[in-house]
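>
Protein chains: 2
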Amino acid sequence: MTTTLAPGADLFDRHRETLENARAAIRSRAYYSAYPESASPKVYGETAHADGKAAFEARLGKPFALQQPSSGETVATERSPYGIALDVRYPVADIDALIAAAQRAMEGWAAASYDARTGVALEALKRLNAMSFEMANAVMHTSGQAYLMGFQAGGPHAQDRALEAIAYAYDEMARVPERVLWEKPGKPEPLRIEKTYRVVPRGIALTIGCSTFPTWNAYPGLFASLVTGNAVIVKPHPLAVLPLAITVEVLQSVLRDAGFDPCVVTLAVDTPERPLAKVLAQRPEVAIVDYTGSTAFGDWLEQNAGALVYTEKAGVNSVVIDSTADLTGMMRNLAMSISLYSGQMCTTPQNLFVPAGGITANGEKLPFDEVVGALVKAVDGLLGDPARAAGVLGAIATDATLRRVEEENAKPGVVRRSEAVQNPDFPNARVRSPLIAVVDANDRERYDREAFGPIAFVVRTADTDESLRLATDESKRKGAITAIVHSTDPAVLEKAQRWARDGKVNLAANLTGGLLVNQSAAFSDYHVSGGNPSGNASLTDAAFVANRFRIIETRTPVA
Amino acid sequence: MTTTLAPGADLFDRHRETLENARAAIRSRAYYSAYPESASPKVYGETAHADGKAAFEARLGKPFALQQPSSGETVATERSPYGIALDVRYPVADIDALIAAAQRAMEGWAAASYDARTGVALEALKRLNAMSFEMANAVMHTSGQAYLMGFQAGGPHAQDRALEAIAYAYDEMARVPERVLWEKPGKPEPLRIEKTYRVVPRGIALTIGCSTFPTWNAYPGLFASLVTGNAVIVKPHPLAVLPLAITVEVLQSVLRDAGFDPCVVTLAVDTPERPLAKVLAQRPEVAIVDYTGSTAFGDWLEQNAGALVYTEKAGVNSVVIDSTADLTGMMRNLAMSISLYSGQMCTTPQNLFVPAGGITANGEKLPFDEVVGALVKAVDGLLGDPARAAGVLGAIATDATLRRVEEENAKPGVVRRSEAVQNPDFPNARVRSPLIAVVDANDRERYDREAFGPIAFVVRTADTDESLRLATDESKRKGAITAIVHSTDPAVLEKAQRWARDGKVNLAANLTGGLLVNQSAAFSDYHVSGGNPSGNASLTDAAFVANRFRIIETRTPVA
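Chain order of the listed sequences is A and B.
Sequence positions in the first sequence follow my numbering and run 1165 to 1723.
Sequence positions in the second sequence follow my numbering and run 1165 to 1723.
(1) For Met1165 (chain B), is the classification buried or exposed, using 16 other Cβ atoms within 10 angstroms of its Cβ as the cut-off for buried?
(2) State the CB to CB distance for the pair Thr1371 (chain A) and Gly1385 (chain A), rounded to an integer number of angstroms; the pair is presumed to be in contact (CB under 8 Å).
(3) Go to Asn1468 (chain A), then tell me how far its alpha helix (DSSP H) extends in each direction, as first and last residue.
(4) Does the beta-carbon of Val1543 (chain A) have 16 or more other beta-carbons within 10 angstroms, so that it is buried, or is it exposed?
(5) Should the segment 1321-1331 of chain B be called in touch with the segment 1387-1396 of chain B, which here means at least 3 C-beta pairs below 8 Å?
(6) Could you confirm whether any beta carbon from chain A is found closer than 8 Å to the beta carbon of Val1656 (chain B)?
(7) What is the DSSP secondary structure of Thr1166 (chain A), reduced to helix, strand or coil?
(8) Got a sec, what are the start and stop residues for the alpha helix (DSSP H) Ser1482 (chain A) sits in?
(9) Which one or two residues does DSSP pair with Val1518 (chain B) in a beta bridge?
(10) Between the C-alpha atoms of Pro1513 (chain B) and Val1556 (chain B), what's the straight-line distance to the nearest angstrom?
(11) Please classify Ile1560 (chain B): does DSSP put it in a helix, a strand, or coil?
(12) Quick check on the burial criterion: 16 or more other C-beta atoms within 10 angstroms. Buried or exposed for Ile1263 (chain A)?
(13) Would you list, in chain order, the members of the segment 1690-1708 of chain A that have their beta-carbon closer than 8 Å to a beta-carbon of chain B?
(14) Can you look up Pro1233 (chain B) in the DSSP assignment and give me helix, strand or coil?
(15) Please identify the residue among B:Ala1584, B:Ile1715, B:Glu1181, B:Asp1666 whose C-alpha is closest to the C-alpha of Ala1275 (chain A).
(16) Let's see if you can read the secondary structure: which residues bound the alpha helix (DSSP H) around Ile1248 (chain A)?
(17) Compare the C-alpha of Val1443 (chain A) against each of A:Glu1638, A:Ala1626, A:Ala1257, A:Val1709 and name the closest.
(18) Say whether chain B places a C-beta atom closer than 8 Å to the C-beta of Leu1169 (chain A).
(19) Does chain B have any CB closer than 8 Å to the CB of Ser1631 (chain A)?
(20) So with CB distances below 7 Å, who are the chain A contacts of Gly1677 (chain B)?
(21) Around the C-beta of Thr1636 (chain A), are 16 or more other C-beta atoms found within 10 angstroms, so that it is buried, or is it exposed?
(22) Using DSSP's beta-bridge definition, name the partner residues of Glu1717 (chain B).
(23) What do you get for Ile1248 (chain B), buried or exposed, if any count of 16 or more other CB atoms within 10 angstroms of its CB means buried?
(24) Of the residues B:Leu1703, B:Val1681, B:Ser1698, B:Gly1678, which one's Cα is nearest the Cα of Tyr1690 (chain B)?
(25) Going by beta-carbon coordinates alone, are Val1453 (chain B) and Thr1430 (chain B) separated by less than 8 Å?
(26) What distance in whole Å lies between the Cβ atoms of Glu1271 (chain B) and Gly1367 (chain B), which are believed to be in contact at a cut-off of 8 Å?
(27) For Ala1276 (chain A), name the three-state secondary structure that DSSP assigns.
(28) Measure the C-alpha to C-alpha separation of Asn1381 (chain B) and Thr1379 (chain A) and round it to an integer number of angstroms.
(29) Between Gln1586 (chain A) and Pro1550 (chain A), is the Cβ-Cβ spacing less than 8 Å?
(30) Starting from the beta carbon of Ala1194 (chain B), find every residue of chain A whose beta carbon is closer than 7 Å, and list them in chain order.
(31) For a quick check, are the C-beta atoms of Asp1612 (chain B) and Glu1638 (chain B) less than 8 Å apart?
(32) Is there a Cβ from chain B that is less than 8 Å from the Cβ of Met1165 (chain A)?
(33) Do you know how far the Cα of Gly1694 (chain A) is from the Cα of Ala1333 (chain A)?
(34) Would Gly1558 (chain A) and Tyr1474 (chain A) qualify as a contact pair, given that the criterion is a beta-carbon distance under 8 Å?
(35) For Arg1362 (chain B), which residues in the same chain have their Cβ closer than 6 Å to its Cβ, ignoring the five residues on either side in sequence?
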């Protein structure tokens, strides 16, 4: 046995090019991806799909082992929205022991160079990338995402988002020199001081996962906290444990291989009956909290946790439809945006503001009712083929969303009911098509709140100015993560910029082709502005990473 | 009259070199200063001292005019610790009107380029630099600093700290490109999206000033918030209004000259009877709060303000004395550190941990009592000459500090009483020499809290290990801004690194010459780590600036 003097250093060398590419990408914000999103057998191998499925299935009905303190109990909290049995049993955490283990593990982790920590993180991403089809199944059968989305969003896209956060964090740490000689001119001699600067972690970081995008939303904070020297406790959503359990498993294996204590990253599984997020967030040892989930709990964390808190909460996303030069393209794009994963994306448009007098489409006046009709037709067309519909819609993740859809179906103004859709591969999958309802601008209690799931409102307004005013106001009060404007009028597009600035929401204009507002690309798109009530942080900017560590300086006079 | 299309752009060009020098300096952390700290007539001009005094005196007994909404009332809240009459009367703010004016002014300010805003800020610093001797008098007669310190810390050093924060903020904004063409490979065509990124301010920033270093502590947050597009309301300490009133006056004049609404920066003066800090900090329009002051109010702000809060609070700074190769140098340095500005610096050492068995000094064993004796002698020597003593000690800023010193004088263990000292120039100045008391390590209630002012404790410990343990623990629990270790033993110096890391406090080793631990140099030293209870932010790092603005993106498909 040889001792590794600098654990992780070889891993850093191995992945240096990936890091440098990512650092260049966050500067240029041009297209970049380190982990291929193509599910083609040419990219991931002929047997990748089958191997991934087999690996996933091999986990079902078994205990999930991790190297961390446990109470001895296990718990199975997940249920596949596709109706298959999961019954993966996770160790129930002993919180005191877990925190103590994280603190012990952090000693060596914080003492390592940030290069070494970055090497470990990048090696873990590489191993996770190789497991992307296993992850696809894990994400699919917990979140209800369709298989291809589970692969892309749960695999390579999440890995890219992790890499992006690592690159940001690395940039911030690398900005600080390790040592300087500071010479201040003076008489008879200059003052000569040797100064060293050391990156020091804040403490234990807590990552609170969500049920819809368990890896994509958790990775940026998790990996940024790790490379900056913090230990991380991952508290997954009880309905979506497996994707993060696999992530922790991989991280622990790389940590072990590199000579670190695997308890640098641990999993704290809870149950709806005995939730742990509040308990963990209020522990004095916890210095950082990353959270994706409901506004109510996000607000509670922001106000009550003593730690630094980074949140992505809920918003109400709007589309302002004024005019278009491509009615078919616009409607096809909107139909896909509201149908994709049954509207269970934080980026899904909910409120479509349309003037009562209609819009100008392809140079002609289109009355309000025909705008609505074109949207319904586009959704019906998209979902006409059951196999295709299943691939677009995925399945419904939570009972609460199912109930919400049933309630909305019974309300007035519904022009397209949400209906059960059969999934050819999973007869017990709970799939629902999107509901579309027409409401008046003054019917605020109906549309002026998040209606999470496959629910869209066409809001009848006096004119586009009112549409913009309502959308801006909504973003300010309720938050918004995405915004779309459709207009052929430069003056309206200019006014929409004002909506984006005042509502602090990212805007997309005239999406009629392949880009969906739902998509947010690593290295280029800022996900959540952090400036309205939908969240206090952005994935990823410097503010998201720069406070996860502190710099400790020493000054020593030099003779 | 010609209209300026880009207000402030010419100012940016004029000061571009200063900015680029500062940006290079924060990267290298080598010595740099843009504003000369030498008070020599050769630097600032033959008449600079006299002109500054005259300008200061011309303000006394008069109303102070600012271009902002006011209630019509005026108030004079300051009292010179040097005993001269000030009676500058400031407008009492109408808070609702002030916030409305700040919001209106922010429209044009946020719409300007960050180059333009940076130009305005740098021009203001240049004008403030030219007024440094006026500022010296203003700082002296509010804070009680000695004249030369008032000049340096209130003038060029504060200006350098402002420039440093501007350079950091500029770096962060400049990292984001304004526009990119994002091309994602695809078939048959790549996806082509034009993306724009815009820096958008958070809202109104509130700067809450302190009584001891009104400009030095306020400038970093104030200027960082300004260049990132926020409007700033400055709420000075009622005892130290004039330095910040002058600052606001200068900023308003530059804003006006550059074609901006001067209410981008306004002053909110309050009185001890009718404090405004809580009222302002809880206004929903206030998005950022910068605060320097007591721990109690800083904690309240961190927990209760809805805004982003950056605090510098109080700490208990320690010196661990283990051994030295230069007893005279060590004692001279320590005597100066605890005497300077009568210990009213947040960086002043308070607790000097010395083993009961004494130390090794210049190769020989020095018993505990002789260590104490050498310190008392060094302080007596430093303050023996009244004129020199006055220049070192300054005057006592607040009644609370005077009372505290009287109370400590009456307690056991005092080996050097705090005495009134005559200032040859100001017969009514309230000057006190440092008190030194010897206490036991277990006498925690005596020394284990901040005793702000000219009060130092020599704490008798079992050994250096106990000294380090107590100092580390204190930093974790009470916070610390500075730390000194004196040792000739590399093992002790290594253990002290651990104190720095675990207590998250910046450390100085073996200061025996010209560098005082009290000093914190712009562009090189991080002031406050932001990782212990003495404050949640550091002057200045990326985390201090990166969250003061948000980035708003637009995406538009390109045909």
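For every residue, glycine included, the Cβ atom is placed at its ideal position computed from N, Cα and C.
Reading it off the structure:
(1) For Met1165 (chain B), the pLDDT reaches just 37, beneath the cut-off of 50, and the residue's location in the model is therefore unreliable, although a value from the coordinates is still provided. By the neighbour-count rule (16 or more Cβ atoms within 10 Å), Met1165 (chain B) is not buried but exposed.
(2) 6 Å
(3) 1459-1468
(4) buried
(5) yes
(6) Not one chain A Cβ lies under 8 Å of Val1656 (chain B).
(7) Here Thr1166 (chain A) scores only 41 on pLDDT, less than 50, and its place in the model should not be relied on; the value that follows carries that caveat. Here Thr1166 (chain A) sits in coil by DSSP.
(8) Note, Ser1482 (chain A): premise wrong, no alpha helix (DSSP H); beta strand (DSSP E) at 1482-1485.
(9) B:Arg1624
(10) 16 Å
(11) It is coil, neither helix nor strand.
(12) buried
(13) Tyr1690, Ser1693, Gly1694, Gly1695, Ser1702, Asp1705, Ala1706, Ala1707
(14) coil
(15) B:Asp1666
(16) No alpha helix (DSSP H) contains Ile1248 (chain A), which DSSP labels as neither H nor E.
(17) A:Ala1257
(18) Unreliable positioning characterises Leu1169 (chain A) in this predicted model, as indicated by a pLDDT of 46, which lies under 50. A coordinate reading is not provided.
(19) no
(20) Pro1721
(21) buried
(22) B:Tyr1361
(23) exposed
(24) B:Leu1703
(25) no
(26) Actually they do not touch by this definition, with Cβ atoms about 12 Å apart.
(27) coil
(28) 42 Å
(29) yes
(30) Val1344, Trp1346
(31) Contact check for Asp1612 (chain B) against Glu1638 (chain B) passes: the beta carbons are separated by less than 8 Å.
(32) With a pLDDT of 36 at Met1165 (chain A), under the threshold of 50, the modelled position of this residue cannot be trusted, and the question is left open.
(33) 18 Å
(34) no
(35) Ile1716
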